[in-house]
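Take a look at the structure set out below.
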Amino acid sequence: NSKQLSMALSDLCDTIYNECPRIGNEMINYNKLTSAAVRARRELVEAMATNAAEEGLGLKGNGPEVAIYKSLLLEEGLHVKSETTGCWRFSLEGKDKTLAFLWRKIDECINREGNKEGVGVEQIIDVLRAPPFGLKKGPLPIYISLYLLAKSNEIAVFREGAYLPYISAAEMALMVKRPDLFTLKQFVTTNIEREVF
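For the sequence shown, our numbering assigns the number 3 to the initial residue and increments by one for each residue that follows.
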């Protein structure tokens, strides 16, 4: 019957997409977003790029961008207040343990052997949409933005081949809209290479 079919499908999805993080916001958890959700996501990633050290990313009121911030970042322990400095910062150590699989997969994509040209953000999105993640297009750019901001000292970002020393709000919003324009590379690792760079 339909109830048994629904339960079987749910169990199958839990098995196939077993590394997908929990998305606690219905508005953003779609492949095709409403115009209000698109605007809210853009405002959120712009605030992430400019106001990371502020409580609530400086977002005011109870708009959809605030709801998405609270459910995806704040409640999951991905935007935390430092006990030593009192400033807010991004963290990749969230409450949802499946997030560790997500960050590890992005690391693998960027550090793939023989990948001297870097990896396109669009390619990473394709990987994370497939099993075992199955992430929707709605929340994916938020997670990639968070990853880049948390690892800004380790990952170099290029837009159409030009190196971006830092990611502005406008660049972050463009990356969400046009991921095909952006490439990521691991920073050089040895001390002498880092000094020369």
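Just so you know, even glycine gets a beta-carbon here, dropped at the ideal spot from N, CA and C.
Bear in mind the structure is a predicted one, so any value in this text is a computation, not a measurement.
Terminal residues of the beta strand (DSSP E) in which residue i lies
{"i": "Y19", "result": "Where Y19 is concerned, there is no enclosing beta strand (DSSP E), given that its DSSP letter is neither H nor E."}
{"i": "Y165", "result": "164 to 166"}
{"i": "R161", "result": "157 to 161"}
{"i": "F92", "result": "90 to 92"}
{"i": "L101", "result": "Premise fails: L101 lies in the alpha helix (DSSP H), 101 to 113, not in any beta strand (DSSP E)."}
{"i": "L186", "result": "184 to 188"}
{"i": "K179", "result": "Note, K179: premise wrong, no beta strand (DSSP E); alpha helix (DSSP H) at 171 to 179."}
{"i": "K83", "result": "81 to 83"}
Rounded C-alpha distance that separates residue i from residue j
{"i": "I157", "j": "W90", "result": "21 Å"}
{"i": "A164", "j": "A55", "result": "27 Å"}
{"i": "E162", "j": "G120", "result": "12 Å"}
{"i": "D182", "j": "F160", "result": "11 Å"}
{"i": "E124", "j": "M9", "result": "33 Å"}
{"i": "L130", "j": "K107", "result": "8 Å"}
{"i": "S93", "j": "Y149", "result": "9 Å"}
{"i": "E110", "j": "N3", "result": "42 Å"}
{"i": "L186", "j": "S154", "result": "11 Å"}
{"i": "N33", "j": "K138", "result": "5 Å"}
{"i": "N64", "j": "G122", "result": "34 Å"}
{"i": "I127", "j": "L142", "result": "7 Å"}
{"i": "R44", "j": "L104", "result": "22 Å"}
{"i": "I112", "j": "L151", "result": "15 Å"}
Residue burial classification, residue i (beta-carbon count within 10 angstroms, cutoff 16)
{"i": "R114", "result": "exposed"}
{"i": "A39", "result": "buried"}
{"i": "P133", "result": "exposed"}
{"i": "N20", "result": "exposed"}
{"i": "Y168", "result": "exposed"}
{"i": "F189", "result": "exposed"}
{"i": "S147", "result": "buried"}
{"i": "L46", "result": "buried"}
{"i": "G88", "result": "exposed"}
{"i": "G140", "result": "buried"}
{"i": "E48", "result": "buried"}
{"i": "C22", "result": "buried"}
{"i": "N117", "result": "exposed"}
N-terminal and C-terminal residue of the alpha helix (DSSP H) that residue i is part of
{"i": "E67", "result": "66 to 70"}
{"i": "D128", "result": "123 to 131"}
{"i": "L137", "result": "No alpha helix (DSSP H) contains L137, which DSSP labels as neither H nor E."}
{"i": "S147", "result": "142 to 152"}
Cβ of residue i within 8 Å of any chain D Cβ
{"i": "N113", "result": "No chain D is part of this structure, which consists of one protein chain only."}
If we require 3 or more residues per run, which beta strand (DSSP E) segments fall completely within the stretch 33 to 62? none
Would you call the stretch 52 to 71 in contact with the stretch 96 to 111, where contact means no fewer than 3 C-beta pairs closer than 8 Å? no
Please confirm if the stretch 165 to 177 is in contact with the stretch 75 to 85, defined as three or more CB-CB distances below 8 Å between the two stretches. no
Quick check: the stretch 78 to 87 against the stretch 29 to 43, are there 3 or more CB pairs under 8 Å? no
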